[in-house]
Amino acid sequence: PEAADLRALAKHLYEAYLKYFPLTKAKARAILSGKTGDNVPFVIHDMKSLMEGEQFINCRQMPIQEHQQQTPASSATNGGALLGSEFSFVGMTSVTDHGTTNAVELRFFHSCQSRSAEAVREVTEFAKSIPGFVDLDLNDQVTLLKYGVIEVLIIMMAPLMNKDGTLISYGQIFMTREFLKSLRKPFCHLLEPKFEFSVKFNTLELDDSDMALFLAVIILSGDRPGLLNVKPIEQLQETVLHSLELQLKVSHPDSLQLFAKLLQKMTDLRQIVTDHVHLIQLLKKTEVDMLLHPLLQEIMKDLY
Amino acid sequence: TERHKILHRLLQDSNDSPTPA
Chain L
1 PEAADLRALA KHLYEAYLKY FPLTKAKARA ILSGKTGDNV PFVIHDMKSL MEGEQFINCR
61 QMPIQEHQQQ TPASSATNGG ALLGSEFSFV GMTSVTDHGT TNAVELRFFH SCQSRSAEAV
121 REVTEFAKSI PGFVDLDLND QVTLLKYGVI EVLIIMMAPL MNKDGTLISY GQIFMTREFL
181 KSLRKPFCHL LEPKFEFSVK FNTLELDDSD MALFLAVIIL SGDRPGLLNV KPIEQLQETV
241 LHSLELQLKV SHPDSLQLFA KLLQKMTDLR QIVTDHVHLI QLLKKTEVDM LLHPLLQEIM
301 KDLY
Chain A
1 TERHKILHRL LQDSNDSPTP A
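In order, the protein sequences belong to chains L and A.
Under the working numbering, the first sequence has 25 at position 25, and the numbering climbs by one with no breaks.
Under the working numbering, the second sequence has 14 at position 14, and the numbering climbs by one with no breaks.
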């Protein structure tokens with residue numbers, strides 16, 4: 001009976017994962033391997049292709065016809081729609097140098113933030129679906145999200161990445177790793193550590209149902225700074241850990257110590273998040289006209 | 001914790017139907 005409950009929990013979390021996250025690993029890997037005949041992603045590999053593709057960044061639906069050069073309807077994409085007009089972020093450029101690479105880089109970075117903020121919202125909805133999460137002290141729910149969300153976002157980037165680049169805009173655009181490395185300092189340092197992590201993480205070959213459980217384990221970390229009531233969080237995590245362990249035995253019977261290897265990734269994650277936050281703080285100082293999305297600001301303030 | 005206004009609102013936002021049982 002206990003195993004049945006653990007399997008039911010895995011199924012429940014997988015359903016919530018499918019409900020709240022727009023691009024599954026299965027679909028991303030299909031796009032990356034070129035199996036889906038119809039939606040071949042638009043490739044951004046240099047400034048020119050970035051400018052051409054910019055209008056599509058963060059769009060949910062790319063115009064179906066060929067990606068030939070159209071007159072961009074508006075430079076704003078829907079990425080900033082998150083949280084209503086709270087912070088319409090995309091398309092914010094310094095008027096003076098609209099066309100220069102400096103402005104394009106900043107606009108791209110703002111689009112990344114806009115998508116990240118939307119992803120935070122998706123993770124929040126997923127967290128609320130974890131049985132018992134909404135019954136925790138509200139302050140602890142905030143703390144678990146504050147410290148867990150960037151780790152979750154990095155894990156969710158892995159399926160979109162390979163050694164050569166990453167999918168963005170719901171899998172409609174493929175941006176090359178070399179292009180990202182060619183951006184000026186410090187933008188060029190932003191994604192490289194995530195590529196290194198993702199290439200290794202992907203060798204574990206988790207599927208979406210494994211990912212759903214792993215994300216819940218990350219969110220339910222009882223050692224986050226400032227938690228008021230650790231006990232119930234640890235109990236919830238223990239149940240999800242049992243479910244994850246069983247799930248990995250069932251779906252990866254001959255993958256030795258996969259459970260242990262997966263848990264070890266959580267220590268790598270913390271270092272990547274710490275470095276990421278410090279880089280963003282540096283960016284805020286050096287980039288005069290760089291704005292930080294208020295939700296991301298809230299999360300990163302006094303984090304590490 | 002007024003410092004996390006948006007996170008608070010996202011957590012309390014019940015604009016969503018409960019996930020399938």
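Beta carbons: idealized from backbone N, C-alpha and C, even for Gly.
Three or more beta-carbon pairs drawn from the segment 182-201 of chain L and the segment 105-113 of chain L are found closer than 8 Å, and the two stretches are therefore classed as touching. Put simply, the backbone Cα of Ala3/L is about 11 Å away from that of Ala10/L. Secondary structure of Ile173/L (DSSP, three-state): strand. Ranked by Cα distance from Glu118/L, the options Asn58/L, Met175/L, Leu144/L are led by Asn58/L. When secondary structure is reduced to three states using DSSP, Met157/L falls in the helix class.
The C-alpha of Ile218/L is placed about 13 Å away from the C-alpha of Gln141/L. Taking 8 Å as the CB threshold, Leu138/L lines the interface with chain A. A straight-line Cα-Cα distance of about 9 Å links Gly165/L and His45/L.
Thr24/L and Leu292/L have their C-alpha atoms roughly 27 Å apart. Using a Cβ-Cβ cut-off of 9 Å, Glu298/L is close to Arg3, His4, Lys5, Ile6, Leu7 of chain A, given in chain order.
For Pro294/L, a Cβ of chain A is located within less than 8 Å of the residue's own Cβ.
In this structure, the alpha-carbon of Ile168/L lies about 31 Å from that of Arg3/A.
Remark: C-beta atoms of Tyr17/L and Ala260/L do not approach each other more closely than 8 Å. Neighbourhood of Gln141/L in chain A, by CB distance below 8 Å: Leu11, in chain order. Taking the Cα positions, Phe195/L is about 36 Å away from Asp5/L. Within the same chain, Cβ atoms closer than 8 Å to the Cβ of Phe214/L are found at Ile155, Leu206, Leu244, Leu262, the five residues on either side in sequence being excluded. A direct Cα-Cα distance of roughly 45 Å separates Gln237/L from Glu52/L. DSSP, read as helix, strand or coil, puts Phe42/L in strand.
Between Lys284/L and Met290/L, the alpha-carbon positions lie close to 6 Å from each other.
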